[in-house]
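*Asks:* Protein chains in written order, with our numbering: chain G, 1 to 220; chain L, 1001 to 1587.
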Amino acid sequence: MEIGLIVLATMLATLLGWLLKQSFNTQPWVAEAVDEASYQAPFNARPKLVALTTFLAVATSFFALILSAYSLRMELGDWIPLTEPQLLWVNTGVLVLASVAFQWTRNLAVSGRTSQIKPGLFLAGVLTVAFLVGQLIAWQQLNASGQYMTSNPSNAFFFLLTGIHALHILGGMYVWARATIKTLNGGDAVEVSHSIELCTIYWHFLLLVWLVLFGLMLST
Amino acid sequence: MGYVAIADRDHEIEHHDPQTFITKYVWSQDHKVIAIQYAGTAIFVGVIALILSAMMRLQLGFPDTFSFINPENYYQFITMHGMIMVIYLLTALFLGGFGNYLIPLMCGSRDMVFPYLNMLSYWVYLLSVIILLISFFVPGGSTGAGWTLYPPQAILPGTPGVEWGILLMLGSLAVFIVAFTMGGLNYVTTVLQARCRGMTLMRMPLSVWGIFIATILGLLAFPALLVSAIMMLLDKTIATSFFMPAISSMGVDPGHTGGSPILFQHLFWFFGHPEVYIVALPAFGIVSDLLSTHARKNIFGYRMMVWAIIAIGGLSFIVWAHHMYVSGMNPYFGFFFATTTLIIAVPTAIKVYNWVLTLWEGNIHLRVPMLFAIAFIFTFIHGGLTGLFLGNVTIDLPLSDTYFVVAHFHMVMGVSPVLVVFGAIYHWWPKITGRMYNETLGKWHFWMTFLGTYSIYLPMHYLGFAGVPRRYFAMGNTDFLPESAQTLNASITLSALFVAATQILFFVNVFWSLRKGPKADPNPWDATTLEWQTPDTPPKHGNWGHDLPECHRWAYDYSVPGYEDDFIPQNVPADVAPVGRDHGVEH
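Below, the structure is given as structure tokens:
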């Protein structure tokens, strides 16, 4: 449980530190006229960004807890390390490219060149689908070689972790699809650029999660 | 450049006035309607769980009397009673119900930041409740694994509901967590982003603080339950071995290898302990506001109260293994978890002292909500003190499997939060419905519930010390117990049935008030917080009419010297009314 604990402690400490900073040296019992100084904007951010950040905290907690379970379960006698398919290296590369494509699209969108974002947006989507297909093929390769989910706990964790990661990506693809439809329909440029920004953050996050998962599975 | 509050930016939040009955009351995106839907559903399942507990008490008080209760049923009743009360009633009611109603109104915003997501959250919650209720009617019935669902027994033959019940239970929990996450993202974002001008974090009423921190706990802790539910589903359906050890069940090998049931316990309690505070923190916050309002006095130590909520929230993540002392652990771990557990007593005690000091020399109005709030202090101190017993490894080991534990957790997270729920309903009822209830009936409801629950749970502590085992369908080989233990059990059952029946008074009051209740004053308790200052009662869609309120002071300006009324609402400008404690107050 140490992994889960450390990750959560870090997130909580950040939050608590911020809350304490907000509340030290305040005198809540003193009434004041509303002026700009008395209004402490918590984050000068968009609500959707705050919601996404919060969701990333939830997802971090979720993955950290599975990894905790992984590290606890690994130490028991019946664990036989799984040899991961080489294809995963290719998939990792594809996911990195998807993130790069999103970053490129985002940079264009933020600098106002919304008319040029279509290729990047498509590319990001195609690469992500390629990653998912690649993961599916990796699953089939394992099954073909007799490595089923139930064969060994390390296999079970492999299928579970890759499956849950893929589900998170599918959730992201829903938002990607909405952003793409908005772009094709010539939607509001600011709105489009906002959704692409959020997607980009989410894709980077899932890439990071994947790198951690992949690294852990390779090393154990 | 000045910051423009989200609430001021009308285009950010869409407020289409609902047109038809369906969009107004069924597929509603209005936080107030969603709150009522949440609360109604939660109370509905809560009543089912109450009936289940009455059935259990019938068996315990009068064994061998009721042929329709057999051991299988009994375990199903226990499981469903616990799960429903903790998750589908209390969590949903405090966060989905009160969170939804109070956050936007108390923060001075028009609605939640994402109304559509909010609506979705309720309907997904309803789906989880429906899945849960279906499990009563499938072959084999609902699961009887105990509310902690410990493997391996939870998914092995011999446990009731092993065919379908456990699958539906785990599925329902997963769906509930999705619903909660959607709601939780809304609550956090609304508190952080949609407060009205002048509503700094440290001017928020403690109710909002409690709900806010509880939501954060829920968002971070529920994933642990989701992980364990998914893994157990896989263990059950395709025979993986996350939790299931190599085991032979009734002469059959189910195909598991050396999984770890203890791993499940870690994950479950990593969620399970914060869950206690997910229920308790909103109760702490709400009770602070009730005490302050009805004692006409500012809450004692507001900042300390906020920090205590935050500290309790943080600490609640590092105490989980105190639920696992009897599972066996390294003594150093036991020492660590006992220490952290006892440290929680510090911020909790700060809160209790501050509640009592708020009452000190207050102008106490013993109205119905106040009675419930004061009763909460009693039951909470009581349950908290027995927690000090159970937090210590050496005392926990002999007491863990006895009725002492049942008494402890019912006092601290059953009775106490439920008293706050009732207090809060009586407190905000006039605002929610625009009608008053019958005060006398409310007081009868209070006294019978309060004294009744004490006569249920106080004797249970004694039974626990005497060694009466919990979880048992029948006593079995317990010759060491005096016969009077059974007499006491019978009396507890009578009290329990009495308290359960008493709740009819509450529902009578609710229906009477809805049909014939006198029209309520917009601010019947002379309260300061923003929800009492709305232009309409009950508040209309959008809450504030044309202009959003501005907040000029904290929520606790009661009995400020030099001002004619004994309260100054949060939206009264500083130049109209005295500006708080530093001006004109002599100490």
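A virtual CB, placed ideally from N, CA and C, is assigned to each residue, including glycine.
Keep in mind that this is a model prediction, so the values were computed, not measured.
Quick one: list the residues of chain G neighbouring Arg1110 of chain L, beta-carbon separation under 7 Å, in chain order.
*Replies:* The contacting residues do not exist; Arg1110 of chain L stays about 13 Å from chain G at best.
*Asks:* Between the C-alpha atoms of Val212 of chain G and Thr1023 of chain L, what's the straight-line distance to the nearest angstrom?
*Replies:* Each residue's alpha carbon lies about 45 Å from the other.
*Asks:* If contact means a Cβ-Cβ distance below 8 Å, which residues of the stretch 1550 to 1564 of chain L contact chain G?
*Replies:* So the close ones are Glu1550, Cys1551, His1552, Arg1553, Trp1554, Tyr1556 and Asp1557.
*Asks:* Establish whether the CB of Ile222 of chain G and some CB of chain L are separated by less than 9 Å.
*Replies:* There is no way to answer for residue 222 of chain G, as the model of chain G reaches only from 1 to 220.
*Asks:* If you drop the 5 nearest sequence neighbours on each side, which residues of the same chain put their C-beta closer than 6 Å to that of Trp1355 of chain L?
*Replies:* Once the five neighbours on either side are set aside, the close Cβ partners of Trp1355 of chain L are Leu1291 and Ile1377.
*Asks:* List, in order along the chain, the chain L residues whose C-beta lies closer than 8 Å to that of Gly4 of chain G?
*Replies:* Result: Ala1224 and Phe1270.
*Asks:* Using a threshold of 9 Å, state whether the C-beta atoms of Met1232 of chain L and Phe1264 of chain L are closer than that.
*Replies:* Yes.
*Asks:* Using the Cβ count rule (16 or more neighbours within 10 Å means buried), how would you classify Pro85 of chain G?
*Replies:* So Pro85 of chain G counts as buried.
*Asks:* I need the DSSP call for Thr1065 of chain L, collapsed to helix, strand or coil.
*Replies:* In the structure shown, Thr1065 of chain L sits in coil (DSSP, three-state: anything other than H, G, I, E or B).
*Asks:* Write down the C-beta distance between Ala1373 of chain L and Gly1423 of chain L rounded to the nearest angstrom, noting that I regard them as a contact closer than 8 Å.
*Replies:* With 8 Å as the limit, Ala1373 of chain L and Gly1423 of chain L qualify as a contact, their Cβ atoms being about 5 Å apart.
*Asks:* Just confirm the distance between the C-beta atoms of Ser1513 of chain L and Tyr1437 of chain L, as a whole number of angstroms; I'd bet it's less than 8 Å.
*Replies:* With 8 Å as the limit, Ser1513 of chain L and Tyr1437 of chain L qualify as a contact, their Cβ atoms being about 4 Å apart.
*Asks:* Considering Cys1107 of chain L, what are the terminal residues of the alpha helix (DSSP H) in which it resides?
*Replies:* Note, Cys1107 of chain L: alpha helix (DSSP H), Asn1100 to Cys1107.
*Asks:* What are the start and end residues of each continuous alpha helix (DSSP H) run of 4 or more residues lying completely inside the stretch 1121 to 1157 of chain L, in chain order?
*Replies:* Those alpha helix (DSSP H) runs which fall completely within the stretch 1121 to 1157 of chain L and span 4+ residues do not exist here.
*Asks:* From which residue to which residue does the alpha helix (DSSP H) around His1081 of chain L run?
*Replies:* It spans Pro1071 to Met1083 - the alpha helix (DSSP H) in which His1081 of chain L sits, taken as one unbroken run.
*Asks:* From which residue to which residue does the alpha helix (DSSP H) around Ser1228 of chain L run?
*Replies:* Per DSSP, Ser1228 of chain L belongs to the alpha helix (DSSP H) from Leu1206 to Ile1238.
*Asks:* Would you report the Cα separation of Gly77 of chain G and Thr1257 of chain L, rounded to the nearest angstrom?
*Replies:* When rounded, the distance between both Cα atoms is 9 Å.
*Asks:* On the DSSP bridge assignment, give the partners of Thr26 of chain G in chain order.
*Replies:* Bridge partners of Thr26 of chain G: none, in fact.
*Asks:* Could you tell me which residues DSSP puts in a beta bridge with Thr1402 of chain L?
*Replies:* The partner list for Thr1402 of chain L (beta bridge, DSSP) reads L:Pro1469.
*Asks:* If distances are taken between C-alpha atoms only, which option among L:Thr1215, L:Pro1549 and L:Trp1123 comes closest to Ser1028 of chain L?
*Replies:* When each option's Cα is compared against that of Ser1028 of chain L, the closest is L:Trp1123.
*Asks:* Using a Cβ-Cβ distance under 9 Å, would Pro1115 of chain L count as near chain G?
*Replies:* Chain G, which has no Cβ nearer than 9 Å to the Cβ of Pro1115 of chain L, makes this no.
*Asks:* Got a sec: which bits of the stretch 1283 to 1305 of chain L sit with their beta carbon under 8 Å from any beta carbon on chain G, in order along the chain?
*Replies:* Hits within the stretch, in order: Asn1298, Tyr1302 and Arg1303.
*Asks:* Tell me whether Arg1303 of chain L sits in a helix, a strand or coil according to DSSP, three-state version.
*Replies:* Helix.
*Asks:* Sorted by chain position, which residues of the same chain lie with C-beta nearer than 6 Å to Ser1228 of chain L's C-beta, five sequence neighbours on each side aside?
*Replies:* These residues qualify, in order along the chain: Phe1264, Leu1267 and Phe1268.
*Asks:* Residues of the stretch 1458 to 1490 of chain L with a CB closer than 9 Å to any CB of chain G: list them in chain order, please.
*Replies:* Cβ contacts with chain G come from no residue of the stretch 1458 to 1490 of chain L.
*Asks:* Among the residues of its own chain, which have a CB less than 7 Å from the CB of Leu108 of chain G, if the five just before and after it don't count?
*Replies:* Answer for Leu108 of chain G: Gln116, Ile117 and Gly120, listed in chain order.
*Asks:* So which residues of chain L does Thr14 of chain G contact, with C-beta pairs closer than 9 Å?
*Replies:* In chain order: nothing, as chain L lies at least about 11 Å away.
*Asks:* 9 Å is my cut-off, CB to CB: does Gln1193 of chain L come that close to chain G?
*Replies:* Yes, Gln1193 of chain L lies at the interface with chain G (some Cβ there is under 9 Å from its Cβ).
*Asks:* In three-state terms, what does DSSP make of Tyr1558 of chain L?
*Replies:* Tyr1558 of chain L falls in the strand class under three-state DSSP.
*Asks:* Mind listing which residues of the stretch 1238 to 1250 of chain L have their C-beta closer than 7 Å to chain G's C-betas, in chain order?
*Replies:* Flagged, chain order: Ile1238, Ala1239, Thr1240, Ser1241 and Phe1242.
*Asks:* Between L:Pro1151, L:Ile1309 and L:Val1368, which lies nearest to Phe1242 of chain L when the distance is taken from Cα to Cα?
*Replies:* Comparing Cα positions, the closest option is L:Pro1151.
*Asks:* Run the CB neighbour count on Ala9 of chain G, radius 10 Å, all protein chains shown included, and call it buried at 16 or more, exposed below.
*Replies:* Per the 10 Å Cβ criterion, exposed.
*Asks:* Flag this pair as touching only if the stretch 1488 to 1500 of chain L and the stretch 1456 to 1467 of chain L have three or more C-beta atom pairs under 8 Å; answer yes or no.
*Replies:* With the cut-off at 8 Å, the stretch 1488 to 1500 of chain L and the stretch 1456 to 1467 of chain L touch.
*Asks:* On the three-state DSSP scale, how would you describe Phe1242 of chain L?
*Replies:* Coil at Phe1242 of chain L, not helix or strand.
*Asks:* Between which residues of its own chain and Val1208 of chain L is the CB-CB distance below 8 Å, once the five residues before and five after are set aside?
*Replies:* Hits under 8 Å: Leu1102, Ile1103, Met1106, Cys1107, Val1191 and Gly1285.
*Asks:* Would you please state the rounded distance, in angstroms, between the beta carbons of Leu1147 of chain L and Val1086 of chain L? I believe it to be under 8 Å.
*Replies:* The sequence given here places Trp at residue 1147 of chain L; Leu does not occur at that position. The Cβ separation is near 7 Å, so the contact holds.
*Asks:* Return the residue from the list L:Asp1557, L:His1294, L:Thr1394 and L:Pro1549 that minimises the CA-CA distance to Arg1367 of chain L.
*Replies:* Ranking the options by Cα distance to Arg1367 of chain L, first place goes to L:His1294.
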